[in-house]
Every structure is written in structure tokens, then in C-alpha cells.
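Asks:
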Amino acid sequence: MKYTILYDKAAVKFIKKQSPAQQRRILEAVHALPDEGDRKQLKGHRGLYRLRVGDYRIIYSVDNGKLIVRVVDAGNRGQIYNRY
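To convert a position in the sequence shown, counted from 1, into the numbering used here, add 80.
Next up, the structure:
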């Protein structure tokens, strides 16, 4: 089954600031969701997961009923863990 991937404004803003090579790497990792990747559920945030892509963290949620992956935020490891 194919999931639809939706990006929130904060995630888009971060991804656009990256080099083309980093953008491609991040997008490939996101499009491999929810089946693959180094992902873990965030402690204290029910329904949110993190995907590790090098030094970057992608925060997302999955709605298996509607087949939607929603990318909530993205950033450097320190930035993301300070926010979440």
C-alpha cells in the first residue's frame, strides 16, 4: 500500500535550506517511510516518531487508517530534541 506524504511548513522550510544533496537524502528517507529507516517513537509525544538521517532528525506521524505520513518538523539533532 502506498502512503501519502504531507509536509508541515516547518519541515519544508528546513529542507529547502539544505544543499541539493542533503535534500535528496532527506526526501529519500522520508519516502521510504513507514516501512524502513532508523525510526523511534518520541517519548512523551504519543503518535510522533523520529527518523534519523545523519545528524538530522525528522519528526512525523503516521495515520495507518488513511495511509498518511505527516512530516511535522525537521532539524539538527539538538534543535529537534530541544523542541520535543
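Don't be surprised by glycine CBs; every beta carbon is placed ideally from N, CA and C. Model, not experiment: these values are computed from the prediction.
Is the beta carbon of L122 sitting closer than 8 Å to the one on R132?
Replies: Sequence index remark: in the sequence shown, residue 122 carries index 42 (1-based). Sequence index remark: in the sequence shown, residue 132 carries index 52 (1-based). In this structure, R132 does not lie closer than 8 Å to L122 by Cβ.
Asks: Once DSSP output is grouped into helix, strand and coil, what is the label at G158?
Replies: Position 78 of the sequence shown, counting from 1, holds the residue named residue 158. G158: helix per DSSP, three-state reduction.
Asks: Cα separation between Y86 and G158?
Replies: Start at 1 with the first residue of the sequence shown, and residue 86 comes out as number 6. Start at 1 with the first residue of the sequence shown, and residue 158 comes out as number 78. Residue 86 is actually Leu in this sequence, not Tyr. Cα to Cα, L86 sits roughly 24 Å from G158.
Asks: Specify, as a first and last residue, the run of the beta strand (DSSP E) that L131 falls within.
Replies: Locating residue 131 in the sequence shown gives position 51, counting from the first residue. Here the beta strand (DSSP E) through L131 covers Y129 to V133.
Asks: In chain order, which continuous runs of the alpha helix (DSSP H) of length 4 or greater are located wholly inside the region 85–129?
Replies: The region 85–129 contains these whole alpha helix (DSSP H) runs: 89–97 and 100–111.
Asks: If you follow the beta strand (DSSP E) that Y164 is in, where does it begin and where does it stop?
Replies: Taking the sequence shown and counting its residues from 1, one reaches residue 164 at position 84. First-last for Y164: undefined, no H or E at that position.
Asks: Just to check my reading of the structure: V179 and I160 have Cβ atoms closer than 8 Å, yes? What is that Cβ distance to the nearest angstrom?
Replies: Residue 179 lies beyond the stretch modelled for the chain, which goes from 81 to 164, so this question has no answer here.
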